[in-house]
Amino acid sequence: MLVSGSTDRNGSLGFGLSMPVRTGTGPLTPSPSRRWCAGKSRPGWMLGRGRRRRSAVWAAGILRSCRRWSGFAADTTLQAARARVGDRWAQLPADPVGPLRLLAVLPAAKFAGWLSRVLRRGSGDSLPGVVGDYLLPQLGGILARQLTRGVIIVTGTNGKTTTTKLLGEMLTLRGEEVVSNRSGSNMKQGIVSSLIAAAGVRGALRGSPTIGLFEVDEATVPLVVEAIGATDIVVTNLFRDQLDRFGEVDAIATTVGKAIHRTNARVYLNADDPTVASLSRFVAPERLVYFGLESPADGVAALKTAVDSAHCPRCDATLRFSRTFYSHLGHYQCPRGDFARPGTTVAVSGIERADAAGSVFTVQTTGHCYRAEMSLGGVYNIYNALAAVTVARGVGVPIRTALRSLEAAKSAFGRVEEVDWDGRLLQLILVKNPAGFTQVLDTFLRSRTGTNILIAVNDLEADGRDVSWLWDVPFECLAGRRHNIIAAGTRAGDVAVRLHYAEVESTIIESVPEALEELHRRTGPGEQGYLLTTYTAMLSARRRLGQAVAMSSIGSVNR
Ligand SMILES: [Zn+2]
Numbered sequence: 377m378l379v380s381g382s383t384d385r386n387g388s389l390g391f392g393l394s395m396p397v398r399t400g401t402g403p404l405t406p407s408p409s410r411r412w413c414a415g416k417s418r419p420g421w422m423l424g425r426g427r428r429r430r431s432a433v434w435a436a437g438i439l440r441s442c443r444r445w446s447g448f449a450a451d452t453t454l455q456a457a458r459a460r461v462g463d464r465w466a467q468l469p470a471d472p473v474g475p476l477r478l479l480a481v482l483p484a485a486k487f488a489g490w491l492s493r494v495l496r497r498g499s500g501d502s503l504p505g506v507v508g509d510y511l512l513p514q515l516g517g518i519l520a521r522q523l524t525r526g527v528i529i530v531t532g533t534n535g536k537t538t539t540t541k542l543l544g545e546m547l548t549l550r551g552e553e554v555v556s557n558r559s560g561s562n563m564k565q566g567i568v569s570s571l572i573a574a575a576g577v578r579g580a581l582r583g584s585p586t587i588g589l590f591e592v593d594e595a596t597v598p599l600v601v602e603a604i605g606a607t608d609i610v611v612t613n614l615f616r617d618q619l620d621r622f623g624e625v626d627a628i629a630t631t632v633g634k635a636i637h638r639t640n641a642r643v644y645l646n647a648d649d650p651t652v653a654s655l656s657r658f659v660a661p662e663r664l665v666y667f668g669l670e671s672p673a674d675g676v677a678a679l680k681t682a683v684d685s686a687h688c689p690r691c692d693a694t695l696r697f698s699r700t701f702y703s704h705l706g707h708y709q710c711p712r713g714d715f716a717r718p719g720t721t722v723a724v725s726g727i728e729r730a731d732a733a734g735s736v737f738t739v740q741t742t743g744h745c746y747r748a749e750m751s752l753g754g755v756y757n758i759y760n761a762l763a764a765v766t767v768a769r770g771v772g773v774p775i776r777t778a779l780r781s782l783e784a785a786k787s788a789f790g791r792v793e794e795v796d797w798d799g800r801l802l803q804l805i806l807v808k809n810p811a812g813f814t815q816v817l818d819t820f821l822r823s824r825t826g827t828n829i830l831i832a833v834n835d836l837e838a839d840g841r842d843v844s845w846l847w848d849v850p851f852e853c854l855a856g857r858r859h860n861i862i863a864a865g866t867r868a869g870d871v872a873v874r875l876h877y878a879e880v881e882s883t884i885i886e887s888v889p890e891a892l893e894e895l896h897r898r899t900g901p902g903e904q905g906y907l908l909t910t911y912t913a914m915l916s917a918r919r920r921l922g923q924a925v926a927m928s929s930i931g932s933v934n935r
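Residue numbering for the sequence shown is 377 to 935, as defined by this note's numbering.
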């Protein structure tokens, strides 16, 4: 075991344990823990090398003693871990752990979280889960079993956070008590942490919550399903995200599919995404629910992105699309006739409006139509809303209640935010892949002229090292619109070259804080500016903004 300094995925600095025994459990996926324990830079707050090593040895010793004391064999070899996981796949950990052990583990895990917050070594969002899971691997399952109405998992490349938030509000309006990973820490450790936070020291969940609702990173689905189980799983979409991190879309689909196969969960799939729809092969038909857009793309003149996955999952032939709504989402069928878009149970049958100001659309299910209105714009948010409505309906929320809750919805934290900086209204938008970026261009910038825009792209591990996806974003739509664009971040040059090929001029300012000042200078009072950034660039932008405006409105950001 080693203890490593790291920048955790919420961007706050933290320390964590990396244990070989926990890293190799997913069958073919890269180790998820690599993402939060890879110490890529040595932040200034860290102790000197000698003191750091001594602290690490000290902390490791305490944890080893705790673990020995709580009576666990230190089966730390990868093979042993794999064998153990193999046995436990089919069900939740069965071992009813003595209350004494819980009494030891829960306070230790909570204390770790408290300590990390007090010492400002992170937000404490995932450390309790790391410690709790290490001391007692069944902990997540023991806590989750108290959720009488089950555990809902929301996964997919884009829209997880928004879908989870919308669904959470629908469930709350229905009167359910929900445990959720609201911090957006969507790896296994973050999810176990949110359960630990909801539990008292004796292990009983406080306030008798009835339902668990967790946003789960695609690559982590097998680990989460193994740890806490699931009664409902929704897959929003699968896009090309960060190739170096996840591998190809098909590989990640297989990972998610195999995990789903090992549960008895009801599964909600986006019928318009061929890769997602093909997950049906892992699920018994009676447990499947499809949602999708039935509407002609009226009023939604979607931009085209380079398509991620448009081949038949059965025979690999190129799929034929009769319409596309965004990226590779649409109505398709295989020319050889062995695969086609499935029929939907819940659908959007008409879109009146889907722009930056909001959307108005019709939801159709079991022969009834309902008008829906929300302040979130863009077709991608209609998909998020549809996914949330479909799951809500699946777990017994009346559709009218679900739609009423939509009307009150605000943008999910960390996706699109507005910041007032000396009278300049800055919109902060996280971009991370071509499909999402295209939707942002479509919703916010395509119809404007002369706007001040800052595009910041970093290539640190948390952003994805490979930035070739920039070439799949249709920046051509910005040509001739006289936008003032600043290219920033460690890959500012790549952004500028890409824009140049789209016949859009830009200024390169590599440093994100300096670029932000330039954006401020260019944007007059009362004017609007846009910040489109990757994950770590968003963190530096927030730090700079935090010095200028009250940060209370700017919380953590998640991917
Ligand atoms: Zn085919």
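Even for Gly, the Cβ is constructed at its ideal location relative to N, Cα and C.
- Around the CB of alanine 580, fewer than 16 other CB atoms lie within 10 Å, so the residue is classed as exposed.
- With three or more CB-CB distances shorter than 8 Å, the segment 509 to 517 counts as touching the segment 600 to 614.
- With 5 Å as the limit between CB and the heavy atoms of ligand 1, the residues that fall short of it are Cys688, Arg690, Cys691, Ala693, Cys710, Arg712, Asp714 and Phe715.
- Taking a C-beta distance under 8 Å as the contact criterion, tyrosine 906 and leucine 854 do not qualify as a contact pair.
- With respect to the 8 Å criterion, threonine 533 and glutamate 591 are not classified as neighbours on the basis of their beta carbons.
- Judged by beta-carbon spacing, leucine 669 lies beyond the 8 Å limit of serine 656, meaning their Cβ atoms are not closer than that value.
- Residue environment analysis places aspartate 842 among the exposed positions, since fewer than 16 neighbouring C-beta atoms fall within 10 angstroms of its C-beta.
- A straight line joining the alpha-carbon of alanine 872 with that of glutamine 522 spans about 53 Å.
- No Cβ-Cβ contact shorter than 8 Å links leucine 875 with arginine 920.
- When secondary structure is reduced to three states using DSSP, aspartate 509 falls in the helix class.
- Each residue's CA atom was taken as its position, placing proline 774 and glycine 551 some 12 Å apart.
- A contact between stretches requires three or more CB pairs, one per stretch, nearer than 8 Å, and the segment 802 to 821 meets this requirement with the segment 532 to 547.
- The three-state secondary structure of threonine 694, taken from DSSP, is strand.
- Across the structure, serine 703 and leucine 479 are spaced so that their CA atoms are roughly 50 Å apart.
- Threonine 586 and valine 722 have their C-alpha atoms some 25 Å from each other.
- The C-beta distance from tyrosine 911 to leucine 806 rounds to 7 Å, short enough to fall under 8 Å.
- Judged by their CB atoms, glutamate 749 and valine 736 are nearer to each other than the 8 Å cut-off.
- Taken through DSSP and simplified to helix, strand or coil, cysteine 745 comes out as strand.
- CA-CA distance, glutamate 879 to leucine 895, rounds to 21 Å.
- Judged by beta-carbon spacing, valine 555 lies within the 8 Å limit of serine 570, meaning their Cβ atoms are closer than that value.
- For leucine 495, the three-state secondary structure derived from DSSP is coil.
- In its chain, beyond the 5 residues on either side, Thr681, Pro810, Phe813, Thr814, Leu817 and Arg874 have a beta carbon closer than 8 Å to the beta carbon of valine 849.
- A residue is called buried when at least 16 other Cβ atoms come within 10 angstroms of its Cβ; glycine 770 meets this threshold and is buried.
- Rounded to the nearest angstrom, the gap between the Cα atoms of glycine 869 and glutamate 890 is 16 Å.
- The continuous alpha helix (DSSP H) containing glutamate 602 extends over residues 597 to 604.
- Going by beta carbons, threonine 742 and asparagine 828 fall outside the 8 Å limit.
- Its chain contains Asn534, Gly535, Tyr702 and Gln815 as the residues whose beta carbon lies nearer than 7 Å to that of tyrosine 756, once the 5 sequence neighbours on both sides are disregarded; these appear in chain order.
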